Amino acid sequence: MTTPTRLRAADVPAWRSAHPDALVLDSRDAAAYAQGHWPGSLRLDGRNHEALLLREPKTRPVLITCYHGNASRTYAQMFRDFGFQHVVDLIGGWAAWTEQQATAATAPALPDHHGNTPLMTAAWRGDAEAVATLLAAGADVHAVNHDGNTALWLACVSARADVVRTLVTAGAALDHQNLAGATVLMYAASSNKPAIVKLLLELGANPGIQSQDDFTALDMAAGLECLQLLRHAA
């Protein structure tokens, strides 16, 4: 009998990215689950485990966590015994996950010439789950890289509206200006991202701010739709 694979906390994001259709189960109690859980996860308990074992396709990947990695190991073996082909559980459970995320949030800037923090990198990748987790663990939404850009700028690069909203809700400054005096609204306009321009305006971005070269977002608009949005907001 094959023992289910045990996954380290640091490997969870990559595993989930590689298995977007996975059944993600959390065997902690309802109160702990309500305080924090992976997006898309289902709470596993004595009332639903039989239905899951019998009804879910045996080819569907399964990831299970618990408090400290003990119950999840038992559940993982149970799923394997019922014929599930790809079952993993989290070593150390939710405690290991939260510790790993807290460490990532307070880690120094990534060793690249841009000075991006883990939150900036997650925003640039459009990884909404990682962004939410890092923010919950205390990541600094106001940190800037070597260009003076925040995570919100990188979220606009990825053009992920949900990540932009999450960062603004967490307190990211909409009108922050980087070393060139450019705002995220200027970037979105100059990159012809009308959906992001519209969202930023709805969230309260100021279209009248000028860069160091005295250009506004309207001056930088690279497409007709962006131009019309900014003209209407001016």
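At position 132 of the sequence shown (counting the first as 1) the number is 132 in the UniProt record's numbering, and the numbers step up by one without a gap.
Don't be surprised by glycine CBs; every beta carbon is placed ideally from N, CA and C.
Given the structure is predicted, the values throughout are model-derived calculations rather than measurements.
Shown here, V141 sits in coil according to DSSP, grouped into three states, outside any helix or strand.
Residue pairing for R160: DSSP places it in no beta bridge. Put simply, the region 147-159 touches the region 191-201. At least three CB pairs are less than 8 Å apart. Take R43, set aside five residues on each side of it, and the residues of its chain with a beta-carbon closer than 6 Å to its own are D26, Y33, in chain order. For H19, the CB contacts under 7 Å within the same chain, skipping 5 residues up- and downstream, are P61 in chain order. Contact between W97 and T121 fails: their C-beta atoms lie close to 18 Å from each other, not under 8 Å. In this structure, A22 and R16 form a Cβ contact; the two beta carbons are roughly 7 Å apart against a cut-off of 8 Å.
Under the three-state reduction of DSSP output, T117 falls in the coil class, being neither helix nor strand.
When rounded, the separation of the alpha-carbon atoms in V168 and T74 is 41 Å. Annotated three-state conformation of R43 is strand, per DSSP. Looking at the backbone, the Cα of T183 and that of H176 are separated by about 6 Å.
In the three-state reduction of the DSSP assignment, D89 falls in the strand class.
Counted as a single uninterrupted DSSP element, the stretch harbouring L230 is not any beta strand (DSSP E) but the alpha helix (DSSP H) occupying residues 224-233. If the five residues before and after T133 are omitted, its C-beta is found closer than 7 Å to the C-beta atoms of Q101, all from its own chain and listed in chain order. L230 and Y187 have their alpha carbons spaced roughly 13 Å apart. The beta carbon of D219 lies closer than 8 Å to none in the same chain, with the five residues before and after it left out. Residue pairing of R6 in beta bridges, as defined by DSSP: D89.
DSSP places T65 inside the beta strand (DSSP E), whose first and last residues are 62-65.
In this chain, D29 is not harboured by any beta strand (DSSP E), its DSSP state being neither H nor E.
Beta-carbon to beta-carbon, L174 and L203 are separated by about 6 Å, close enough to satisfy the 8 Å threshold. The residues A189, S190, S191, N192, in chain order, have a CB closer than 8 Å to that of A222 in the same chain once the five nearest residues on each side in sequence are set aside.
The beta carbon of A217 lies closer than 6 Å to those of L185, M186, A189, P207, L230 in the same chain, with the five residues before and after it left out. Note that the C-beta distance between N145 and G115 is below 8 Å.
DSSP places E129 in the uninterrupted alpha helix (DSSP H) bounded by 128-136.
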